[in-house]
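Structure first, then comments.
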Ligand SMILES: NC(=O)c1ccc[n+]([C@@H]2O[C@H](COP(=O)([O-])OP(=O)(O)OC[C@H]3O[C@@H](n4cnc5c(N)ncnc54)[C@H](OP(=O)(O)O)[C@@H]3O)[C@@H](O)[C@H]2O)c1
Ligand SMILES: *[C@@H]1O[C@H](CO)[C@@H](O)[C@H](O)[C@H]1NC(C)=O
Ligand SMILES: *[C@@H]1O[C@H](CO)[C@@H](O)[C@H](O)[C@H]1NC(C)=O
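Numbering (mature numbering (1 follows the signal peptide of the UniProt record, and there is no 0)), first residue to last: -17 to -1, 1 to 227.
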């Protein structure tokens, strides 16, 4: 009996996969707002969640800057988004978050080009990459994900998403592949970033952590002002930025 059940299980899971994925990927940005005249920057928008986020912002008429370290990859994606959305205002600029010089050059260039930045999506990030250091000598994860991206207004968890994020781990790649029926597509993964970026009236909830297009739970350490202050000060110190 148990043997039969075990045999049937993979089959049942396969049949139920669409429902399970839907259950696990609740949270859709339902705003119908259009964004003509708005300027957006999405870091790491050449693939994964960032690419889907950039596409959606372009679809709504914003001028979208794809900020990525590989300009060639960026251009290909920009063409693709222009083609799909009909919005020609999709631009590519070089940004390597593992190099504070590159970040400053990017910022200077942007300030010279644009008067306003309405939407900033700090999306770029690495996971489980082999031990390596940024141009400034920081360990890669802390250097790119935390110091490189800066301290942001909204923090967002996209859920577990099928993307290139697990590229450095063979084991994780296998797991992702195995469970790819259940985990979010990049388009689903982009929903919470979009929700925070474009939903009107969300300002009052600034500073919260979001998941599945809703405010999410944060551990006591994550809510502790003293710890937050220390992290801020240490980060400024590491980057040689005067503390306020
Ligand atoms: N997928 C998930 O399940 C999941 C879960 C939790 C959080 N997240 C977060 O969601 C964000 C997007 O992840 P994803 O799943 O879309 O992963 P992804 O497909 O690997 O995309 C990551 C993007 O970040 C860029 N990037 C990495 N290092 C960079 C650097 N030094 N300078 C500039 N850009 C850099 C990558 O550029 P290259 O293509 O040039 O490497 C790529 O465009 C990440 O911050 C990730 O930590 C994802
Ligand atoms: C997109 O590209 C295809 C060919 O690759 C072309 O036929 C189509 O006209 C393009 N669409 C737009 C909106 O540029
Ligand atoms: C915040 O963290 C500090 C240092 O760990 C601790 O002494 C303090 O009690 C915490 N405050 C709250 C409100 O949890």
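Even for Gly, the Cβ is constructed at its ideal location relative to N, Cα and C. Computed from a predicted model, the values in this text were never measured in an experiment.
By the criterion of at least three beta-carbon pairs nearer than 8 Å, the region 44 to 63 is in contact with the region 75 to 82. Relative to the Cα of residue 205, the nearest Cα in the group 138, 115, 96 belongs to 138. In this structure, the CA atom of residue 212 is about 15 Å from the CA atom of residue 222. Cβ-Cβ separation between residue 104 and residue 180: approximately 6 Å, consistent with a contact (criterion under 8 Å). DSSP places residue 49 in the uninterrupted beta strand (DSSP E) bounded by 46 to 51. By the neighbour-count criterion, in which a residue is buried when 16 or more other Cβ atoms sit within 10 angstroms of its Cβ, residue 178 is buried. Two segments are said to touch when three or more pairs of C-beta atoms, one from each, lie closer than 8 Å; by this definition the region 93 to 113 touches the region 30 to 37. Runs of the beta strand (DSSP E) lying entirely within the region 81 to 148, each at least 3 residues long, are 102 to 104, 138 to 140 in chain order. The alpha-carbon of residue 26 is positioned some 35 Å away from that of residue -2. In this structure, the C-beta of residue 102 stays at least 6 Å away from each heavy atom of ligand 3. Of all alpha-carbon atoms in 46, 66, 83, the one lying nearest the alpha-carbon of residue 128 is that of 83. Around ligand 3, the residues whose beta-carbon falls short of 6 Å from at least one of its heavy atoms are 203, 207, 209, 210, given in chain order. Between residue 175 and residue 193, the gap from beta carbon to beta carbon is short of 7 Å. The closest CA to that of residue 171, considering only 39, 18, 187, is found on 39. In this structure, the C-beta of residue 146 approaches ligand 1 to less than 6 Å from one of its heavy atoms.
In its chain, beyond the 5 residues on either side, 151 have a beta carbon closer than 8 Å to the beta carbon of residue 113. Short note on residue 113: C-beta not closer than 6 Å to any heavy atom of ligand 1. Residue 50 sits away from residue 37, with the two beta carbons spaced by 7 Å or more. The residues 79, in chain order, have a CB closer than 6 Å to that of residue 52 in the same chain once the five nearest residues on each side in sequence are set aside. At least one heavy atom of ligand 1 is found less than 6 Å from the C-beta of residue 29. According to the DSSP assignment, residue 192 belongs to the beta strand (DSSP E) that extends over 192 to 194. Relative to residue 163, the option among 173, 144, -9 whose CA is nearest is 144.
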